[in-house]
Structures are given as C-alpha cells and as structure tokens.
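To start, the structure itself, in structure tokens.
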Amino acid sequence: MGVVRSMMKAMSMPGWFWGKVVTTAVFILNRSPTQSVDGKTPYEVWHGVKPPVHFLHTFGCVAHVKAGSKHLTKLEDRSTPMVFVGYEVGTKA
Numbered sequence: 012m013g014v015v016r017s018m019m020k021a022m023s024m025p026g027w028f029w030g031k032v033v034t035t036a037v038f039i040l041n042r043s044p045t046q047s048v049d050g051k052t053p054y055e056v057w058h059g060v061k062p063p064v065h066f067l068h069t070f071g072c073v074a075h076v077k078a079g080s081k082h083l084t085k086l087e088d089r090s091t092p093m094v095f096v097g098y099e100v101g102t103k104a
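In terms of the numbering used here, the sequence shown is numbered consecutively and its last residue is 104.
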C-alpha cells in the first residue's frame, strides 16, 4: 500500500503505527469517489447515502485532547496537544 507508506513517511511515524495508518487510509478511501462505481463513494454504494465528511482532518495534524480533571485553576491548560493518527470506530472524535 503506497498510500500508507507515504502517510507514515510524511509524518515520520514509527513502524508500530502501521495498523492505525492502514485503518485511517481505508476509512478515507471508503469516503472518496471512485471510477469503479461511476464517481460514487464505496460508502455511498453500501449505505445508499452520501458519507458525512465534515469531521475529516488531515492525518498527522495537531489535535487537542480535553483534560478530564475538574480541579483545574483558571490559568491551567484544559487540553493537551497531540498528533492526529486516526478515527475511533463508532465515533466522530
């Protein structure tokens, strides 16, 4: 899979992220138009509706994870910056 290799290389990801990168690439490819089904997406052919894409983000971009502690002072950070590596199954987060 050239797509997976280029995604990992572009973001300098270690090899143990291989599985997460593959599932992210498949998730995105299933929501991308293809010639084999007349410009529709595989998601659209399977489910009968256009896929929601408003929540898609660039692989490897900075994502902020909200801190769960309720005992924060006013000036403490409420999130931690991390790197976006994929989508959780069954959620949009």
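Even for Gly, the Cβ is constructed at its ideal location relative to N, Cα and C.
Values in this document were obtained by computation on a predicted structure and should not be read as measured data.
Beta-carbon within less than 8 Å of residue i's beta-carbon, same chain only, minus the 5 sequence neighbours each way: which residues are those?
i, result
"A36", "M12, V14, V15, M18"
"G50", "P44"
"W29", "V15, M19"
"H68", "A74, F95"
In the DSSP assignment, find the alpha helix (DSSP H) that holds residue i and state where it starts and stops.
i, result
"P53", "53–58"
"V96", "From DSSP, V96 is part of no alpha helix (DSSP H); its letter is neither H nor E."
"L40", "29–40"
"G13", "13–21"
Looking only at its chain, what residues have a beta carbon closer than 7 Å to the beta carbon of residue i, apart from the 5 residues adjacent to it on each side?
i, result
"V100", "none"
"P92", "V73, H75"
"P62", "R42, T52, Y54, E55"
"G48", "Strictly speaking, residue 48 in this sequence is Val, with Gly absent from that position. Same-chain partners within the cutoff: V56."
With C-beta atoms as the reference, is residue i less than 9 Å away from residue j?
i, j, result
"M22", "V94", "yes"
"G97", "T34", "yes"
"F66", "V32", "no"
Would you mind reading off the limits of the beta strand (DSSP E) that contains residue i?
i, result
"A105", "Because the chain is modelled from 12 through 104, residue 105 falls outside the range shown and cannot be assessed."
So, at 6 Å on beta carbons, what are the nonlocal neighbours of residue i in its own chain, with the 5 sequence-adjacent residues on each side left out?
i, result
"E87", "none"
Checklist line | the segment 51–68 in contact with the segment 29–41 per 3-pair CB rule at 8 Å | finding: yes
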